[in-house]
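Enquirer:
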Amino acid sequence: MIEPLVLKGFRDSLPMQEIPKKRIQRKLEELFETFGFVPIDTPTLEYESVLLGKGGGETDKQIFHFEDNGGRKVALRFDLTVPFARFMAAHYQELAIPFKRYHIAKAYRGENPQKGRYREFIQCDFDIVGVDSTEADFEILSLMYSSFKTLGIDRYTFHIAHRGLFNDFLEQKGIRDRSVDILRTVDKLRKIGSDKVRELLCEITGDEEGSQAVLEYVTAGEGHGFEETLDVIEALVGRKTESSIRLRELYYLLKKAGIESHFTLDPSITRGLDYYTGIVYETFLDDIESIGSVCSGGRYNNLASLYSKENLPGVGASIGLDRLMAALEELSSPLVKENASADIVVFYRTEEKELAVLSAFSLRAMGVRTDLYLLPEKKMKAQYEYAEKNRIARALSFKDGRYVVKDLATRESHDATTLEEVAALCR
RNA sequence: GUGGAAGUAGUUCAGUGGUAGAGCGCCAGAUUGUGGAUCUGGUUGUCGAGGGUUCGAAUCCCUUCUUCCACCCCA
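FYI, in the working numbering the residues of the first sequence are 600 to 1026.
1. Note down, in chain order, each residue of its chain lying with its Cβ closer than 7 Å to the Cβ of Q982, except the 5 sequence neighbours on either side.
2. Would you list the one or two residues that DSSP bridges to L852?
3. Report the start-end ranges of each alpha helix (DSSP H) in the region 737-796 that is 4 residues or longer and not cut off at the edges.
4. Considering Cα atoms alone, identify which of D767, Q811 and K977 is closest to V785.
5. Less than 8 Å between the beta carbons of Y874 and L852, yes or no?
6. What ranges does the beta strand (DSSP E) occupy inside the region 919-955, keeping only unbroken runs of at least 3 residues that lie completely in it?
7. Would you report the Cα separation of V944 and A994, rounded to the nearest angstrom?
8. Return the chain-ordered list of same chain residues with a C-beta closer than 6 Å to the C-beta of H1064, the five sequence neighbours on each side being excluded.
9. Hey, K699 and G635 are a contact pair by Cβ (cut 8 Å); roughly how many whole angstroms apart?
10. Contact defined as beta carbons within less than 8 Å: I believe T658 pairs with F677. What is the distance between those atoms, to the nearest angstrom?
11. What would DSSP say about Y985, mapped onto helix, strand or coil?
12. Using the three-state DSSP reduction, which class does S612 fall into: helix, strand or coil?
13. Going by other Cβ atoms of all chains shown within 10 Å of its Cβ, with 16 needed for buried, is G669 buried or exposed?
14. Could you tell me the distance, in whole angstroms, from the CA atom of I781 to the CA atom of V893?
15. How about T828 and H758: are their beta carbons less than 8 Å apart?
16. Pick helix, strand or coil for Y875, following the three-state DSSP scheme.
17. For the alpha helix (DSSP H) that H690 lies in, which residues bound it at each end?
18. Distance check for Y744 and A925, CA to CA, integer angstroms please.
19. From Y707 to N938, what does the alpha carbon distance come to, in whole angstroms?
20. Going by DSSP in three states, L1005 sits in which element: helix, strand or coil?
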């Protein structure tokens, strides 16, 4: 016998988990389409050379790569953004620009798993390519907001920062060349505290004053509103820059739309991926920050240039569906508990089989999610337990030519003479 | 990849060298008759896997797999 093992970081998904996951996915797809975004797909497996070296050194180590049966060096996609850049380079002439796409698919990372981090996970990406403007950035931010709204999640915060603005600052301090190391150190702020970060920064820059300024920059958001933080940052940079103006305009739009309360300017958000050039963001659930960001992204203005001479600026975000589900499960959110397989289940005795089969058929035609329990010889107890296991709220049975709909939770029965009445009881 | 903790019945766990256990669940029967009560009986286990030490290993040692946590990074 072969052991039915699954690989570390990979998981089976049972109906109890898969039903809410699919439902969330459908809601998001529907939302994306109301924003005028269109779906695409790309291969799971790509040439290694296409995927490597685009996200930054650290991420390369996490890419699953191997030789295929024909000796080609191949790799599983690490995210959906890099393959999208390749996709755009290959197809931009066939597409209407600006191109707005969404893509819900699995990505793979060979890192050590923990709660909410797996080696195979679903990302829900949405991006706009072909334009670098405040309005495009706003489209993505407002779609992020609407996604959480649609899902009924309201205890979360979008942490916004700006790569370009940070680079302006480093430029001004004359330490731009060490930006990667500095970014990496700054990222640890929340973990190791400001004193430790200052020490590390001193080692990198060799400049106490510069380190202090960097620290002031990344902590500028603490206790301040979006615009105040921006004022502090502009003071540190010494002037208004294109990037700071972009952020100000963006916040203005968020305010006008009345959705600004979920957005905070957090200069400590830097993101490890090297390809970001403009705004960047991460999203934390207020009640379970430890699980990490559940929706992240940013502006990447040169990504397609790796594959094409065409200049295709882009901006996008990605919801980590599996991580989000893990968090919601941890929080016992009602969102993950809505996992009934049907609205009603039909029970019957063997002599009622024709009636049962046809009733189920008719109910389905009326749009009622109907399950037919196929073991009529079983005891009632077994039948009810089947319904409970599948989280079905009602049962239909037959008595003296009438329909009986029983609410399984309250155990109340309602008689009905027609299937229309039965269907009405299911709503 | 490195470090720490854990893995025993469907599930929650107890059991630290001497016959694998408990609650809940599950199955069968009785009772009931469109379910949750009660009674009787039973079952569920290669103690994660492999190897070693020992007269004897769930228990000690080694290897390995998986989960959780930390580092790192993030979805």
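The beta-carbon is built from N, C-alpha and C at its ideal position, and this holds for glycine as well.
Expert: If we stick to the structure as given:
1. So the list reads F946 and Y972, once near-sequence residues are dropped.
2. Bridge pairing for L852: absent [DSSP].
3. Taking 4 residues as the minimum length, the alpha helix (DSSP H) runs contained wholly in the region 737-796 are 762-772, 778-785 and 788-791, in order along the chain.
4. Comparing Cα positions, the closest option is Q811.
5. It is not a contact, given that the beta carbons lie outside the stated cut-off.
6. Counting whole runs of 3 or more residues, the region 919-955 contains the beta strand (DSSP E) stretches 943-945.
7. The C-alpha of A994 is placed about 5 Å away from the C-alpha of V944.
8. Here the chain covers residues 600 to 1026 and nothing more, so residue 1064 does not appear.
9. Indeed, because the Cβ distance is near 6 Å, the residues count as touching under 8 Å.
10. Rounded, the Cβ-Cβ distance is 6 Å, consistent with contact.
11. It is helical.
12. Coil at S612, not helix or strand.
13. By the C-beta density criterion, G669 is exposed, having fewer than 16 other C-beta atoms within 10 angstroms.
14. Roughly 24 Å separates the two Cα atoms.
15. Not closer than 8 Å, so no.
16. Here DSSP, grouped into helix, strand and coil, assigns Y875 to coil.
17. Residues T680 to H690.
18. The straight-line gap separating the alpha-carbon atoms of A925 and Y744 is approximately 20 Å.
19. Y707 and N938: Cα-Cα distance of roughly 27 Å.
20. With the sequence shown as reference, residue 1005 is identified as Lys, and Leu is not the correct amino acid for it. K1005: strand per DSSP, three-state reduction.
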